[in-house]
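Going down the list, the sequences are from chains W and G. Those letters in the first sequence? Residues 1 to 237, by the working numbering. Those letters in the second sequence? Residues 1001 to 1429, by the working numbering. Using N, Cα and C, we set each Cβ at its ideal position, and we do this for glycine too.
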Amino acid sequence: MLNMKNISRIYRSDTIQTHALRDFNLEVKEGEFVAVTGPSGSGKSTFLNVAGLLDSFDEGSYELDGVNIQGLNDDELSRLRNEKIGFIFQNYNLIPDFNLFDNIDMPLRYRGFNAAERKRRITHALEQVGLASRADYLPSQLSGGQQQRVAIARALAGEPKILLADEPTGNLDSLMARQVMELLHTLNEAGSTIIMVTHDPEQARAVGRNVQVIDGQITDHSVYAPVHDNASIVVKG
Amino acid sequence: MEMFNYYLKLSYRNLIRNRLFFILMITTLAVGVGVFLANIAIIKSMSADPIPNKSDKIFNVSLNIWTGNNPRAELIEIMRYDDAMHILKNDIATHTMVHYQSQVYTRDIESKSLTRHQAVVRATTPGFFPLTEAPFAYGSAWQQDHAKQIVIGDSLNQQVFGGGNSVGKVLEIDGKPFEIVGVLKPWELKPLFYHVAYGQKFKATDDIYAPIETAMDNEWAINVRNSSTDRINSVSDNRGKNGYFIQAFVQLENQQQKNAMQEYIDNYSQHRQEQGEYLRDNDNRLLDVKQWLEHKEVVDERMLAFALASSLFLAVCIFNASSLLLARYHSARFETGLRRAVGARIKDVFYQGVVESMLIGLCCAVLTLIFGWLFLQISITLFPALQQTSDIDLTLILLGIGIALVTSFISMLYPLIRSCRTPLSTTLK
């Protein structure tokens, strides 16, 4: 699904070069749930940005769902982002004066779906996150956890090959964080490939695979037995 | 089309969401475009071709004959009665007209009221009408040089007779009766090319058209220049004397005709020199309507200077609007980044910006027309001489809309490019 080989990302200023990623190698298979951990400034977010085609890389090769990223132009990269990737941000990144329907509608518009198809996908995505009855709510009328579920619904509506989550529970209290995590586990069990950057070691242990990044390089691959209890969490709208 | 509608909806939301900002920005642009438009309206009217279908065929005739010896002086653009008659009576031109302007008091001779109306008279020749394409509503021009017959304009016809067919009615001019043989339709010539001197260039067409001989016979006043020792006792006494007061225009269809006319007036002035008169260094001159208006500087240099100033003002307004938009795009870069992250191409973001600029441009166009009209009224109030030169016609309305759209786009271009170039990874967390 995702295959990075010897990826380097260097940020340059007039006097300083910073290696945000160096010789970064990672392969993620379809259906995996990977947690990326590491201290602040270790390169986790850079990795996620490169993986999500939000940032370029200086060296190495990167294949996403069999497509070699190198040399693609903006149109091609945008289409890949739209069709293959779903983003879940720490700050939800919902447009405040769009209702939930219109927020989820946004990526589908750029895909060129007709109105009926968009509506079907939006309704289904909202059902998946338990917010089907609130399609015309504004984000400000929802709790933080609910807003993050809307962001997940937006990511899901395009039926992407991979979900990239950047500290998806970073702004949530523990109960809401559990709900969101449970939702991600449910999606993974349903077949979604997920890469999640997190600071939380418990969350990292709760997923199948943990990748630790330090100084722009992977220092540890750990595989854990999942510890989450799917039955104990009930997702409510 | 679906995406266009989507962008339109997004733009409308943006405008509503940031209404104060956009009111400020649109007003800034509209003031700049409005001032520019008002200025263009004046200059356009000043520089219009008054008779576009044959402006290259009508020529002002200026002779280099003068009674005093002053060879380096400019050509005098008026001529003596005898010169005018020589121009008139050759058969080279398709149409020839000579004229002078006078003012009279007039009333309907049948009217019980003794109120008299001041009227502008064009003392001319029958060739005036086909040459200027003056449109007749009723009747035609007079047939005899000394006939006590006149043609009146629509305005005077409305004023004195209440409109309608007044052919056959009698108008009292300075106490004498004159038969109306023709009535013109409403008629405008801007600029009034046949009489651009003495602040007349943007005046309305005349009230009365009378035979030049009749006008002189009846002593209708003239402004005359004379540097000779001739004693001129009356208007009619100008015949055979050195009073300069008549302008001449001819219609020449081709270069051959023009060459013939040039040769004719050159021979004529040579003949006058042999008679003891002086010639100026400049050659006898035939200027077509556009050359004539340019020569007479119909478009005032001060207006051109003001046009430059208003263009610069418009540029300042565009820069201001652009700065405001730059700030707005900076604050909205999260949304742009988000759209790009979920699949919008750079060109999608750009198209959306273009649609937004169109919407802004349309709002700006409405305000521009209001401001343009307002500035024109202010200009007319401050400078009444502009009264006749300040029309906002359909062409200018379309131009105003066009400029508003273009300036909106220009204002948005740089902020939009900046917005499209913002690295995605820096805008989203």
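Interface annotation for the segment 23 to 42 of chain W against chain G: empty, criterion Cβ-Cβ distance under 7 angstroms. Assigned with DSSP and collapsed to three states, Asn1069/G falls in coil, not helix or strand. Neighbours of Ile1346/G across chain W, judged by C-beta separation under 9 angstroms: Asp74, Asp75, Ser78. Any Cβ of chain G closer than 8 angstroms to the Cβ of Phe47/W would place that residue at the interface, and such an atom is absent. Judged by their CB atoms, Asn1223/G and Asn1242/G are not nearer to each other than the 8 angstroms cut-off. Among the residues of the segment 1327 to 1346 of chain G, those with a Cβ less than 9 angstroms away from any Cβ of chain W are Phe1334, Glu1335, Gly1337, Leu1338, Arg1339, Arg1340, Ala1341, Val1342, Gly1343, Ala1344, Arg1345, Ile1346, in the order of the chain. In the DSSP assignment, Ile10/W is bridged to His19/W. Phe1245/G and Tyr1105/G do not touch by the CB rule: their CB atoms are close to 21 angstroms apart, not below 8 angstroms.
Taking the Cβ atoms as the reference, Ala157/W lies roughly 5 angstroms from Ile104/W, within the contact range of under 8 angstroms.
Ranking Val1366/G, Thr1125/G, Lys1296/G by CA distance to the CA of Leu1398/G puts Val1366/G first. Beta bridge pairing from DSSP links Thr1096/G with Val1250/G. For Leu1424/G, a Cβ of chain W is located within less than 8 angstroms of the residue's own Cβ. Sixteen is the threshold: when 16 or more other Cβ atoms of the shown chains lie within 10 Å of the Cβ of Leu108/W, as they do, the residue is buried. With contacts defined by Cβ atoms closer than 8 angstroms, Ile1026/G and Cys1363/G form a contacting pair.
Ile1051/G and Thr1205/G have their C-alpha atoms spaced approximately 13 angstroms apart. A Cβ of chain W is located within less than 8 angstroms of the beta carbon of Leu1428/G. In chain order, Asn1064, Glu1074, Leu1075 place their CB closer than 8 angstroms to the CB of Asn1282/G, counting only its own chain and leaving out the 5 sequence neighbours on each side. In this structure, DSSP gives Phe1178/G an extended state, which the three-state scheme calls strand. Residue contact check for Asp136/W against chain G: no CB pair falls below 8 angstroms.
With distances taken between CA atoms, Glu1110/G lies nearest to Ser1166/G out of Lys1009/G, Ser1166/G, Asp1230/G. When only Cα atoms are considered, His1195/G and Ala1248/G end up about 10 angstroms apart.
At least one C-beta of chain W is nearer than 8 angstroms to the C-beta of Arg1017/G.
DSSP places Asp97/W outside both helix and strand once states are collapsed to three, so it counts as coil. Thr1427/G is not a Cβ neighbour of Phe1350/G, given a cutoff of 8 angstroms.
Counting the other CB atoms within 10 Å of its CB gives Ile1078/G a total of 16 or more, which places it among the buried residues. In the DSSP annotation of this structure, the continuous segment of the beta strand (DSSP E) that includes Ser61/W starts and ends at 59 to 64. Identification of residues in the segment 89 to 113 of chain W having a C-beta nearer than 7 angstroms to some C-beta of chain G yields Phe89, Gln90, Asn91, Asn93, Ile95, Asp97, Met106, Pro107, Arg109, Tyr110, Arg111, given in sequence order.
For Leu53/W, no alpha helix (DSSP H) encloses it, and the DSSP letter there is neither H nor E.
Among the residues facing chain W, Arg1013/G is included, as its CB has a counterpart in that chain under 8 angstroms away. With distances taken between CA atoms, Ile1173/G lies nearest to Ile1208/G out of Ser1140/G, Ile1058/G, Gly1353/G, Ile1208/G. Excluding residues up to 5 positions away in sequence, Pro1211, Glu1213, Thr1214, Asp1217 lie with their Cβ nearer than 8 angstroms to the Cβ of His1146/G in the same chain. For the C-beta of Asp55/W, the chain G residues within less than 8 angstroms are, from N- to C-terminus, Pro1423, Leu1424, Ser1425.
Cβ neighbours of Glu59/W within its own chain (closer than 8 angstroms, five residues either side excluded): Asn6, Ile7, Ser8. Contact annotation for Tyr1006/G against chain W: Arg109 [CB-CB distance below 7 angstroms, chain order]. Rounded to the nearest whole angstrom, the C-alpha separation of Gly1361/G and Ala1048/G is 28 angstroms. Beta-bridge pairing by DSSP links Ile1173/G to Thr1106/G, Lys1176/G.
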